Amino acid sequence: MTLPAPLRLFTALALAGAAFFVQAADLTVAYQTTVDPAKVAQVDGTYEKTSKASIDWRKFDSGADVITAVASGDVQIGYLGSSPLAAATRKLPVETFLIATQIGAAEALVAREGSGINSPQDLIGKKIAVPFVSTGHYSLLAALKQWNIDPSKVQILNLAPPAIIAAWKRGDIDATYVWDPALGVAKENGKVLITSGELAEKGAPTFDAWIVRKDFAAKHPEIVKAFAKVTLDAYADYRKNPQAWLADKANVDKLVKLSGAKAADIPGLLQGNVFPLAADQVAALGAPTTKAITDTATFLKEQGKVDAVLPDYAPYVSAQFITN
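The opening residue of the sequence shown carries number 2 in the numbering used here; numbering runs sequentially from there.
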């Protein structure tokens, strides 16, 4: 049956309006190649099913790049480390709504075999590659401070993880502080000098977090809550029985697909980090996280890596999107 012209026009406008509202809920998410249980949900499309939003997932090599994309408005939700978060002293309109992981052995300083680096003091004069303004960069500087090594006496090179892999294979660098898949490549013929977990015990903890633009969160709080829930459900599923979770080859394969890490390395990388559950998140997303960001920013300012420390980072941290 053919609809009358006025009704056809009304129907077309209604459909256009519906399409507009669906489009308005779409978002772009910046992720990185870290190994965490929630990547299974990412591969499975669980984020889209739960949030009922269309998500454009974009891979980034460093938190500094994520900050730039979020600042431009191209990305609404992004994954980055505590160091680039603290370095974002441009007062970006963002808030940390989820602690993705407390970093342990998943980031480490590795020295190449044959480089002559057998102890920390051997790093003097050597070439160490690290993505600048990353958690790896922060940890490298913290390690050098622990060992009383002046950073100016080390050749610290600013390279993204893919470039680190290439430089390592060519033999252009002596050491690197990085995460997978570059970490796995370096460990094939390198020696781990220190991990981020060990540095955390020495007073220099690092973590990864999910941030969201405040304008997007204000318009679509239900999507941010759904995003947090899917992530935390994935963490709970893994933590309930890590061995059984790892025994499921499909889980490991999905992590390999998005991280680039080797299947054999996945267990160690997961076990090397802490993935906080909902109750832990509520406790952490307040004074503890604000203090950690402040301490990190203060250290980076001492090292001349940021211009200033904000008087208060509390406005950039929120537990309001965590639901038990």
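Even glycine gets a Cβ: it sits at the ideal position worked out from N, Cα and C. Being a predicted model, the structure only gives us computed values, none of them experimental.
Short Cβ contact (8 Å threshold) for residue i with residue j
i: A280; j: L200; result: no
i: P206; j: V179; result: no
i: K192; j: Q156; result: no
i: A168; j: A227; result: no
i: V372; j: A109; result: Given that the chain is displayed from residue 2 to residue 325, the structure contains no residue 372 and the question cannot be resolved.
i: L81; j: A210; result: yes
i: T290; j: T102; result: no
i: V111; j: K188; result: yes
i: D240; j: L278; result: With the sequence shown as reference, residue 240 is identified as Arg, and Asp is not the correct amino acid for it. Yes, the pair counts as a contact, with Cβ atoms nearer than the cut-off.
i: S135; j: S63; result: yes
i: D181; j: A262; result: yes
i: G287; j: V318; result: yes
DSSP bridge partner residues for residue i (one or two, in chain order)
i: T291; result: Beta-bridge pairing links T291 to no other residue.
i: T102; result: D209
i: I165; result: DSSP, once it has assigned bridges, lists no residue as partnering I165.
i: T177; result: V111 and A130
i: R214; result: V95
i: V275; result: Q103
i: D57; result: T29
Backbone secondary structure at residue i - three-state DSSP
i: G79; result: strand
i: W246; result: helix
i: V318; result: strand
i: Q156; result: strand
i: V310; result: coil
i: V67; result: helix
i: D281; result: helix
i: D62; result: coil
i: I267; result: helix
i: D151; result: coil
i: I224; result: helix
i: V231; result: helix
i: V1; result: This structure does not reach residue 1, given that the chain is present from 2 up to 325, and the question cannot be answered.
i: G185; result: helix
i: S116; result: coil
i: T297; result: helix
i: L259; result: helix
i: K50; result: helix
i: L124; result: helix
i: A219; result: helix
i: A201; result: helix
i: L286; result: coil
i: F21; result: The predicted model places F21 with a pLDDT of 40, which falls under 50 and marks its position as unreliable; any figure quoted below should be read in that light. Correct three-state label for F21: helix.
i: A72; result: helix
Closer than 8 Å to chain B by CB, residue i
i: I56; result: Considering every chain present, this structure includes no chain B. It has just one protein chain.
Classification of residue i by the beta-carbon crowding that lies within 10 angstroms, buried from 16 upward
i: S84; result: buried
i: V23; result: For V23, the pLDDT reaches just 41, beneath the cut-off of 50, and the residue's location in the model is therefore unreliable, although a value from the coordinates is still provided. Its Cβ having fewer than 16 others within 10 Å, V23 is exposed.
i: Q122; result: exposed
i: S153; result: exposed
i: G273; result: buried
i: Q77; result: buried
i: Q43; result: buried
i: Q244; result: exposed
i: A88; result: buried
i: R171; result: exposed
i: D216; result: exposed
i: S52; result: buried
i: D75; result: exposed
Residue i: first and last residue of the uninterrupted alpha helix (DSSP H) it sits in
i: P147; result: The sequence given here places Gln at residue 147; Pro does not occur at that position. Counting along the chain, the alpha helix (DSSP H) containing Q147 begins and ends at T136 to Q147.
i: D45; result: A39 to D45
Enclosing beta strand (DSSP E) for residue i [first to last residue]
i: G191; result: G191 to T196
i: T1; result: No answer is possible for residue 1: the residues shown for the chain start at 2 and end at 325.
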